[in-house]
Each structure stands twice: as C-alpha cells, then as structure tokens.
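Q: Protein chains in written order, with the numbering used here: chain X, 127 to 437; chain D, 871 to 1141. Submitted below is the structure of interest, expressed as structure tokens.
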C-alpha cells in the first residue's frame, strides 16, 4: 500500500474520505474512508445492506453524500472533463431500454459522451456480444445484460473500472470469463473496484479487499494480509488413531485441541512442525498433518459477525 | 450540448414509442380533417349557425384555418406524451444511471431534452401541416374557395399551431421531471388534458353564474389546455382573452415546469 499521500502522477487512484450518507433515520454509510490503487483488482465486500451500492453511487455522483466525499485521480466525478474516458461503471445489469437493441444502447451513450460511433461496435466485440448486437435488450439473458453493461463501461477505454456485483446471474463460464477480463484490465495498469458477496470468487479475483459492515470500514488491505491478520485462525488438521496420546503430548504448550467431528483433530495456536515434533517425541502415529489457512469467507464472516443484516 | 441533443434524438429514434404516437397522430389528423371538411362545407354553404359558427368564424378563412390545423387537439397530447416519456423512460428502464454517468452535469441533460423535445415538436408540426396543407388546399380548391393560404388569418393559425406543438412537447418534459413514475405521469397528463379542460370549463361557468359575472369565464385561461385553445382562437371578447394571454400562460407553464424539473433533477438521488 502507499503511505497515504496522493501521488501527483497517479491519476487512477480512488480516494474515499469520510463518506457518510443518512437516509431519514438510517445511517447507510458512516464516515467511510479507503483508497483503491491502480494495477490491482480491489474487492469491495460487505454483507447485504452494508452500504456497498450506496458508496459506489456516491463515488459516481449519482447519490449526494450527507458528508465527506470521494475522488478519482484527485477529482470529484462531476469535475472530470470526459467522465467516460476516465471511469467506466457497471451498476446494474438491467439498465437499458427494453425495446432498444444492444448496439443502439451503446450508440446513445457514445453520442452523449462525444465518443466515435465505432466504439460501440468495438466494445460489443470486446465482450463477445457482436452476434446479439441487433437484438432488443428484452431478449437478452442475464449474462448478456451483464456483458452489455461491461461493454458500456469500456466505451471510453477508461483507466478506472467500477463494478457492482458483476458476477450476479452469470453462469460458471461467464464468471470465469469475467475473472480473466478484470484481471487483464488490472494487469494493464487500470484500477478495478468490484463489489461482491461471492467470497470464493473474490479470493480468486481480488488482489486487495475493502471490507465494510453496517456502513463502516472493517478491514482494508491485500487479500493475503487480511487473511493473515487472523493468525489465530490458522489451524493444523491431524488424523491419528491415538488422539488421546497426542492431546496429552500437546497439553503443556499453547496448543488448543478440538475435534472436527469427523475423526480428525483441529489444533490451534501452534504450527504443523511443532505438532509433528510432539507426535514424534510421543511416538504417536500420524495419518494426516495439514495446515488449514482460513479462507476469505471465514475471515469475512468473523469480521462482520453481528454487523450484517437489516438496519 | 449538441452531442447531448443528438443522443436524446437517438434515444427517441431507437425505440418504437414515437412510431406508435406518430401513427396515433396520423389517425387523429385523418379523423379530424374529415370532420373539419364536413363542418366547413356545411358552414360555408350557410349552415354554420347550427354549430355556433357566426360572423367571422363562419368565414372562409376561419374555416380554412380550422382545416389546416386538423388533428391539433390530439396531436398536442401525443407530443406532450413523447416529452413525458423522454424523461420517465430513463427512470422506468433505469437508464438514468447510464445517462448521468455519461453526463454528470444534470442541468445539461434536462436542457438537451428540452431542446430535443422542441425539435421533435417542430417535426410533428411540420409533417402534420404538410398533410393538412395538401388535403386542405385540395378540398378548398375543389370547392372553389382557392387555397386561402395568402390570408393572414390562415398563416397566423399555422404559426400558432407550430408554437403550440413546441410548447406542449417542452411541457411534457417538464411534467416528466415532476412525476417520474411513467404510468402515473402519462395517465395524469392525459386525464388533465382531455377531461380536465371540460371540468375546468364547467367550473368556471358555474363560478361565473354564482358571481353573476360572465367575465370570470375568461380566467379559465390559467388552465394549460384552455390557454392553448385561447392562443389559437382569433379575436377577443368579454369571455375570451386575447391570443397572447394564452401564449404567455402556456410559455409560463413550460418555463416553470422546466426550471422546477431541472432543480429537482439536480438534487435527486439516482438509485
């Protein structure tokens, strides 16, 4: 991560600072601050109702913040001279006129943004939707709608991509395509911010994560670092016919021993070599000795425990 | 700004809505022209009193003006509906997000909608008028009145008709920004246009009777559809204000709804 100071050459960094949105009595987003770096895919995670969509919409000037603000490359969204050439956003899959064809949907946007008309064809080609170009939007499958949304976001060849739940409704092939596509964009040096609640997908896709719950920041950082920060979560799975002997051998150390309910032991507080050494010294026979790292899902559920749900 | 207007016109062109409304407008021209032609032939052959046409209103130029603006009554409603749909479609189909992402300066978006709407109103007027002129000139010539296009009364009717088309489309955009619910806006506006005028006329008649002052009737010009009628009606009397009063009222409504629409749209959260 950076040292927090915006660098003058960095025109694709997203900085959210003190962002707050109050709807009547509900504090949807509460003094939220985080940064998103170029060249990386950043997962924006939170339980339903955490304020993800509201945050993204405030970032894009669609919703007015109660307090605080957000900048993209140092400028607020409405200050950007050619917004679509800087930022592409996919906010909801069903945002095109149902009676309009896919290609015309894109041409309308090109006209408004002053982009050449050919960009519409190129963007459709990019997402593999050319065969459906002249089909009306109402005939699109959910996956095709998502692709059209991405095509719309790519019209201006932006350096910053913001996507709200892009994997929703995609089949496994579509999800894999999306993963490759977004990773490719990040590799090209673009900023990619993706909100999702599909944690296993995020673990495959994201370099960094920003986790929020109840409108507040819970954790931000590289995926490995966030998972590693839950060190107590690293456990050693052991399978042995002499469980009692091994438990006795470990009882003087910092280790905690639990059964996983399926005939194996889950040992926390010590690493695998320590367990192996103790077993060897005690003459205990081992059939399995594996380190179990917590995955993003477990970390997420622990971090957001009790903060999810309806407010 | 010209990019935005182009985009708005493209939005209209790439859906079938305007096509249906154009067909509706064409049918209403056909019906209205047939009726007006019958009315003109009855009136000009001396039977105008049956329909309340006496004096100037029974003259050939007045009847020609009526013929050349056939289909205006429903045509104005159709262009108003197009104006409404230009805005409410954005919310109904959730394209407002896309639109405001491409153009975060929302005032520009609404202003470009207003300009596109006026252009569209102009196009509707042009096509309507060409049809009316062809049919009307043929009808009048066949009945030995000549085309009467040199008469100021006829030219005036055509020009005011143009003004009415442009203002009602703009008014539609204004209404759309005030009532963003598609069905709500369309039904409200149609009912107010079609039925509201009769109800308002009746109310003012009652009021005039109660106050024992027929001049009160002319105040129904505050109602947009009534103002539109006043604007295109020649002459002025105790119960009928001058045409420019109607024009001012109508322009006033268009300006106020446009400005309020812009202010509301600027503040609205799009989610």
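C-beta atoms are modelled at their ideal positions from N, C-alpha and C, and glycine is treated no differently.
Verify the CB distance criterion: does residue 975(D) have a CB-CB separation below 8 Å to chain X?
A: In the second chain, residue 975(D) corresponds to position 105, counting from 1. Yes, because at least one Cβ of chain X sits closer than 8 Å to the Cβ of residue 975(D).
Q: Can you give, in chain order, each stretch of the alpha helix (DSSP H) that sits fully within the stretch 881 to 923 of chain D and has at least 4 residues?
A: If we require 4 residues or more, the alpha helix (DSSP H) runs fully inside the stretch 881 to 923 of chain D come out as 887 to 912.
Q: Relative to the C-alpha of residue 425(X), which candidate in 371(X), 328(X), 180(X) has its C-alpha closest?
A: Looking up residue 425(X) in the first chain gives position 299. That would be 328(X), whose Cα lies nearest to the Cα of residue 425(X).
Q: For residue 1004(D) and residue 1093(D), I'd like the C-alpha separation in whole angstroms.
A: Mapped onto the second chain, residue 1004(D) falls at position 134. Mapped onto the second chain, residue 1093(D) falls at position 223. Between residue 1004(D) and residue 1093(D), the C-alpha separation is close to 33 Å.
Q: Quick check on the DSSP output: what are the complete alpha helix (DSSP H) runs of length 4 or more inside the stretch 1031 to 1116 of chain D, in order along the chain?
A: List check, alpha helix (DSSP H) in window: 1052 to 1064, 1066 to 1081, 1094 to 1102.
Q: DSSP three-state call for residue 940(D): helix, strand or coil?
A: Position 70 of the second chain, counting from 1, holds the residue named residue 940(D). It is coil, neither helix nor strand.
Q: Since I believe residue 395(X) is in contact with residue 365(X) (beta carbons under 8 Å), could you give me their beta-carbon distance rounded to a whole number of angstroms?
A: Sequence index remark: in the first chain, residue 365(X) carries index 239 (1-based). Sequence index remark: in the first chain, residue 395(X) carries index 269 (1-based). Between residue 395(X) and residue 365(X) the Cβ distance is about 19 Å, and since that is not below 8 Å, they are no contact.
Q: How would you write the range of the alpha helix (DSSP H) that residue 209(X) sits in, first residue to last?
A: For the purposes of this step, residue 209(X) is identified with residue 83 of the first chain, where counting begins at 1. Where residue 209(X) is concerned, the enclosing alpha helix (DSSP H) stretches over 209 to 212.
Q: Go ahead and pull the three-state DSSP assignment for residue 370(X).
A: For the purposes of this step, residue 370(X) is taken as residue 244 along the first chain, with counting starting at 1. Residue 370(X): helix per DSSP, three-state reduction.
Q: Of all the CB atoms in chain D, is at least one closer than 8 Å to the CB of residue 132(X)?
A: In the first chain, residue 132(X) corresponds to position 6, counting from 1. Caution applies to residue 132(X), whose pLDDT of 43 falls short of 50 and renders its modelled position unreliable; the value that the coordinates give is listed next. No, residue 132(X) does not count as interfacial toward chain D.
Q: With DSSP run on the structure shown, which of helix, strand or coil describes residue 964(D)?
A: Translated into positions along the second chain, residue 964(D) becomes position 94. Three-state result, residue 964(D): coil.
Q: Which whole-angstrom value describes the C-beta separation of residue 906(D) and residue 929(D), a residue pair presumed to lie in contact below a C-beta threshold of 8 Å?
A: The residue you call residue 906(D) lines up with position 36 of the second chain. The residue you call residue 929(D) lines up with position 59 of the second chain. Not confirmed; about 15 Å, so no contact.
Q: Does the CB of residue 1140(D) have a neighbour CB from chain X at under 8 Å?
A: Within the second chain, the letter at position 270 stands for residue 1140(D). Residue 1140(D) counts as touching chain X.
Q: Under three-state DSSP, which class holds residue 972(D)?
A: By one-based count along the second chain, residue 972(D) stands at place 102. Reduced to three states, the DSSP call for residue 972(D) is helix.
Q: Quick one: is residue 414(X) buried, meaning 16 or more other Cβ sit within 10 Å of its Cβ, or exposed?
A: Looking up residue 414(X) in the first chain gives position 288. Residue 414(X) is exposed by the Cβ-count criterion.
Q: Listing by chain order, which chain D residues have their CB less than 9 Å from the CB of residue 148(X)?
A: Position 22 of the first chain, counting from 1, holds the residue named residue 148(X). Residues of chain D passing the Cβ test: none, with the nearest at roughly 12 Å.
Q: Going straight from the alpha carbon of residue 141(X) to that of residue 161(X), what length do you get?
A: If you number the first chain from 1, residue 141(X) lands on position 15. If you number the first chain from 1, residue 161(X) lands on position 35. Spanning the two alpha carbons is a distance of roughly 5 Å.
Q: Look at the alpha carbon of residue 865(D) and the alpha carbon of residue 988(D), and state the distance between them as a whole number of angstroms.
A: Lying outside 871 to 1141, the shown extent of chain D, residue 865(D) is not represented and no answer is given.
Q: With H, G and I counted as helix, E and B as strand and the rest as coil, what does DSSP make of residue 271(X)?
A: Taking the first residue of the first chain as 1, we reach residue 271(X) at position 145. Residue 271(X): helix per DSSP, three-state reduction.
Q: Looking at C-alpha atoms only, which residue of 1023(D), 977(D), 1033(D), 1011(D) is the closest neighbour of residue 994(D)?
A: Taking the first residue of the second chain as 1, we reach residue 994(D) at position 124. Selected option, being the one with the closest Cα: 1033(D).
Q: Between which two residues does the alpha helix (DSSP H) carrying residue 297(X) extend?
A: On the first chain, position 171 is the one that residue 297(X) refers to. Unbroken run through residue 297(X): none, as it is neither H nor E.
Q: The ligand SAM and residue 991(D): does any heavy atom of the ligand fall closer than 7 Å to the residue's C-beta?
A: This structure lacks the ligand SAM; in fact it carries no ligand of any kind.
Q: Could you name the residues of the stretch 947 to 972 of chain D whose beta carbon sits closer than 8 Å to any beta carbon of chain B, in the order they occur along the chain?
A: This model lacks chain B altogether, as its protein chains are X and D.
Q: In chain D, what lies closer than 9 Å to residue 209(X) by C-beta?
A: As a working note, residue 209(X) is residue 83 in the first chain. Within chain D, the residues near residue 209(X) are 971, 972, 973, 974.
Q: Three or more beta-carbon pairs under 8 Å between the stretch 256 to 264 of chain X and the stretch 895 to 913 of chain D, yes or no?
A: Flag = no, the stretch 256 to 264 of chain X and the stretch 895 to 913 of chain D do not touch.
Q: Could you list which residues in chain D have their beta carbon closer than 7 Å to that of residue 278(X), in chain order?
A: Taking the first residue of the first chain as position 1, residue 278(X) is located at position 152. What residue 278(X) touches in chain D: 968.
Q: With 7 Å as the C-beta to C-beta threshold (strictly closer), list the residues of the stretch 871 to 897 of chain D near chain X in chain order.
A: Listed in sequence order: 873, 874, 876, 877, 880, 881, 884, 885, 886.
Q: Could you tell me if residue 1029(D) is buried or exposed, where buried requires 16 or more neighbouring beta carbons within 10 angstroms of its beta carbon?
A: Indexing the second chain from 1 puts residue 1029(D) at position 159. Counting Cβ neighbours within 10 Å, residue 1029(D) comes out exposed, since fewer than 16 surround it.
Q: Express the C-alpha separation of residue 1121(D) and residue 232(X) in angstroms, rounding to a whole number.
A: Working through the first chain from its first residue, we reach residue 232(X) at position 106. Working through the second chain from its first residue, we reach residue 1121(D) at position 251. Distance between the alpha carbons of residue 232(X) and residue 1121(D): 35 Å.
Q: Consult DSSP for residue 265(X) and reduce its assignment to one of helix, strand or coil.
A: On the first chain, residue 265(X) is found 139 positions in, with the first residue counted as 1. Residue 265(X) falls in the helix class under three-state DSSP.
Q: Mind checking whether residue 308(X) and residue 318(X) have CB atoms under 8 Å apart?
A: The residue you call residue 308(X) lines up with position 182 of the first chain. The residue you call residue 318(X) lines up with position 192 of the first chain. Contact: yes.
Q: Where are the alpha helix (DSSP H) runs, 4 residues long or more, that stay fully inside the stretch 322 to 349 of chain X, in chain order?
A: Listed in chain order, they are 325 to 331.
Q: Determine the DSSP secondary structure at residue 178(X), reduced to helix, strand or coil.
A: Locating residue 178(X) in the first chain gives position 52, counting from the first residue. Here residue 178(X) sits in helix by DSSP.
Q: Count the other C-beta atoms from every protein chain shown that fall within 10 angstroms of the C-beta of residue 399(X), then say buried if there are 16 or more, exposed otherwise.
A: If you number the first chain from 1, residue 399(X) lands on position 273. Exposed is the call here.
Q: Output the boundary residues of the alpha helix (DSSP H) element that contains residue 402(X).
A: Walking along the first chain from the start, residue 402(X) turns up at place 276. Counting along the chain, the alpha helix (DSSP H) containing residue 402(X) begins and ends at 398 to 408.
Q: Can you tell me where the beta strand (DSSP E) holding residue 154(X) begins and where it ends?
A: Position 28 of the first chain, counted from the start, is the residue given in the question as residue 154(X). Its beta strand (DSSP E) spans residues 152 to 162.
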